[in-house]
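Residue numbers (the working numbering): 1305 to 1715.
Idealized CB from N, CA, C, for every residue including glycine.
Computed from a predicted structure; not experimentally measured.
Comments concern the structure below.
Here is the structure:
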């Protein structure tokens, strides 16, 4: 099946290249006729190169005071032809990106402050060859991303060609010190996103380190940042935010988390400013992970613990599969995951992953052993119900982008 798909893709590329060449020839003919009719005494037939484009090595002999109609068309079509010819050469310059979107719904008590979570989507180094799309970064705290029709403070954001994504969940206990828990997470994500645009190279840990260094605030957060370079996705995690990758509707990778014990995750902070408020981590304490074979069609889901505490893995698979089957994209995946997790978080009878883990943890040494083994049975008190929390999701569908354009190759 992969071989036949590759053959079809190459056939489509050859067809596009032939079409571009034919269009070049047509425009060159029209220009020649235009010159013959308008300026017959100073005409020069443009030379046609081996690729079917107009040769740039032979300049026109006529002296033109201003550019004509066909001059502009010919230059534009030549650019299109060059682009098609470049991707026909076995796609040496194609760029794998995530067509991404993020969604967030704060819990009731944090809605007025815009929530405690934050996320971003951006392009490493600005990705100069990515095309003409003007947006290089989307951030959940941007006022323009707030859903004005939602009374829940829902946020929706999209970035068509992301190579760096991040999410952060501000620690709510800072509110007892009259510090907004969302300030640190939002500032960290904004600074990390800006660092990703400024640097053409670097790992996810490098970017998080720069973002952390620039975030001079009291507060703390859990966070995950991931960076796609070629077909390799490298990432770092501090705490219980996480990322899953799905292929063919099934989860094939889930990033590790860091917890001291149940519901007590590691937290990233400026340890000098926040000294005395708790036990915190620096970027170098993050757990690093790598996925080396990301393919077109793979689906990324990065989220705060508000998603993973309230949605089972099989439910994530169901949502992604159903959404793709309906021909919808990353924005629908992110929105549906957020809405379903929020419904579970408010359902006192739902047996959530958080309730299962709580039951295992409080059932004594046996529960702790089973938890380490990954057993998810309801033990001890048989807890039920979801966990009300801010819920944030960044979803992305991997796809090749045609260099110099905003067009994507079929999956």
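{"Item": "CA-to-CA distance, residue 1464 to residue 1404, given in whole angstroms", "Value": "6 angstroms"}
{"Item": "The segment 1591–1599 touching the segment 1614–1632, judged by at least three CB pairs closer than 8 angstroms", "Value": "no"}
{"Item": "Backbone CA spacing between residue 1565 and residue 1517 [nearest angstrom]", "Value": "28 angstroms"}
{"Item": "Alpha-carbon spacing of residue 1696 relative to residue 1642, whole angstroms", "Value": "7 angstroms"}
{"Item": "In chain order, each alpha helix (DSSP H) run of at least 4 residues that lies wholly inside the segment 1609–1652", "Value": "1609–1612, 1617–1629 and 1634–1649"}
{"Item": "Start-to-end residues for the alpha helix (DSSP H) that takes in residue 1715", "Value": "Per DSSP, residue 1715 belongs to no alpha helix (DSSP H) and is neither H nor E."}
{"Item": "Among 1555, 1608, 1478 and 1484, the one whose alpha carbon lies nearest that of residue 1646", "Value": "1608"}
{"Item": "Straight-line Cα distance separating residue 1665 from residue 1459", "Value": "34 angstroms"}
{"Item": "C-alpha distance - residue 1687 paired with residue 1663, whole-angstrom precision", "Value": "6 angstroms"}
{"Item": "Collapsed DSSP secondary structure at residue 1695 in the structure displayed", "Value": "strand"}
{"Item": "Member of 1520, 1546 and 1551 whose CA lies at the smallest distance from the CA of residue 1622", "Value": "1551"}
{"Item": "C-alpha gap between residue 1631 and residue 1525, whole angstroms", "Value": "35 angstroms"}
{"Item": "Identified DSSP bridge partners for residue 1563", "Value": "1569"}
{"Item": "Residue 1406 to residue 1420 span [Cα, whole Å]", "Value": "15 angstroms"}
{"Item": "Nonlocal neighbours in the same chain, by C-beta distance under 7 angstroms from residue 1611, ignoring five residues either side", "Value": "1641, 1645, 1695 and 1697"}
{"Item": "Pick from 1587, 1461 and 1491 that is closest to residue 1507, judged by C-alpha positions", "Value": "1587"}
{"Item": "Inter-residue spacing [alpha-carbon to alpha-carbon] between residue 1713 and residue 1659", "Value": "43 angstroms"}
{"Item": "Cutoff 6 angstroms; reference residue 1478; Cβ partners in own chain excluding five residues on either side", "Value": "1485 and 1523"}
{"Item": "Buried or exposed (CB count within 10 angstroms, at least 16 for buried), residue 1531", "Value": "buried"}
{"Item": "Euclidean distance between Cα positions of residue 1493 and residue 1704", "Value": "26 angstroms"}
{"Item": "Whether residue 1613 touches residue 1656 by CB criterion (8 angstroms)", "Value": "yes"}
{"Item": "Terminal residues of the alpha helix (DSSP H) in which residue 1753 lies", "Value": "Given a span of 1305 to 1715 for the chain in the structure shown, any question on residue 1753 remains unanswerable."}
{"Item": "Where residue 1597 falls: helix, strand or coil (DSSP)", "Value": "coil"}
{"Item": "Own chain residues within Cβ distance below 6 angstroms of residue 1537, not counting five before or after", "Value": "1530, 1595 and 1598"}
{"Item": "Residue 1482 versus 1468, 1513 and 1581, residue with shortest Cα-Cα distance", "Value": "1581"}
{"Item": "Supposed contact pair residue 1605 and residue 1540 - C-beta distance, whole angstroms, cut 8 angstroms", "Value": "Actually they do not touch by this definition, with Cβ atoms about 17 angstroms apart."}
{"Item": "Which listed residue (1423, 1715 and 1562) has its alpha carbon closest to that of residue 1496", "Value": "1423"}
{"Item": "For residue 1522, the three-state DSSP class (helix, strand or coil)", "Value": "coil"}
{"Item": "Residue 1410, buried or exposed, once every other Cβ within 10 Å from all chains shown has been counted against 16", "Value": "buried"}
{"Item": "Buried or exposed (CB count within 10 angstroms, at least 16 for buried), residue 1568", "Value": "exposed"}
{"Item": "Residue 1365, DSSP secondary structure in three states", "Value": "Its pLDDT being 31, under 50, residue 1365 is placed unreliably in this model, and the coordinates cannot settle the point."}
{"Item": "Candidates 1700, 1519, 1578 and 1691: closest to residue 1637 by CA position", "Value": "1700"}
{"Item": "Residue 1519 versus residue 1574: straight-line alpha-carbon distance, rounded", "Value": "8 angstroms"}
{"Item": "Simplified DSSP assignment, three categories, for residue 1464", "Value": "strand"}
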